[in-house]
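> Below is one structure. I have some questions about it.
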Amino acid sequence: MSQHAKVDSADVIRFSGTLDAPQMVRMKSRLTRLLNRHPRRLLLDFGATEQVNLAGLGILVDRLRRLNGHSEILFSNVSPRVHRTLVRAGVNGFLAS
Numbered sequence: 178m179s180q181h182a183k184v185d186s187a188d189v190i191r192f193s194g195t196l197d198a199p200q201m202v203r204m205k206s207r208l209t210r211l212l213n214r215h216p217r218r219l220l221l222d223f224g225a226t227e228q229v230n231l232a233g234l235g236i237l238v239d240r241l242r243r244l245n246g247h248s249e250i251l252f253s254n255v256s257p258r259v260h261r262t263l264v265r266a267g268v269n270g271f272l273a274s
């Protein structure tokens with residue numbers, strides 16, 4: 178499950194459980210509406226995420242590409258397990274410091 182909030186001028190999406198294809202399909206319309214607004218900053222909070230499935234991550238990255246560089250995108254609160262998956266998928270450049 179995921180949640181959307183606004184924190185410190187950034188739109189925040191919080192993922193919980195397993196980020197997989199079924200979760201991404203369930204949140205597709207909400208995520209599309211958010212991305213169509215072209216938020217200036219988008220923070221993806223993985224603090225409650227236990228694992229990331231590559232299919233789910235692929236769908237997420239595909240959606241994020243629609244921003245065409247108009248938004249700053251950061252991943253935060255990434256556990257070591259999720260971090261390894263992000264590195265393998267080549268999206269670790271989004272990790273917040």
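For the sequence shown, our numbering gives the first residue as 178, with consecutive numbering after it. Every residue gets a Cβ at the ideal spot worked out from N, C-alpha and C, and that includes glycine.
Here's a check: name, in chain order, each residue in its chain whose Cβ is nearer than 7 Å to the Cβ of A198, leaving out the five neighbours to either side.
Answer for A198: N230, A232, G233 and I236, listed in chain order.
> By the 10 Å Cβ neighbour count, where 16 or more other Cβ atoms means buried, how is M178 classified, buried or exposed?
With a pLDDT of 49 at M178, under the threshold of 50, the modelled position of that residue is not reliable, and no figure is offered here.
> Between the alpha carbons of N213 and S256, how many angstroms are there, rounded?
The alpha-carbon atoms of N213 and S256 are separated by roughly 29 Å.
> Just how far apart, CA to CA, sit F223 and H247?
Each residue's Cα considered, the two are about 22 Å apart.
> Go to R240, then tell me how far its beta strand (DSSP E) extends in each direction, as first and last residue.
Careful: R240 lies outside any beta strand (DSSP E), inside the alpha helix (DSSP H) at L231 to R242.
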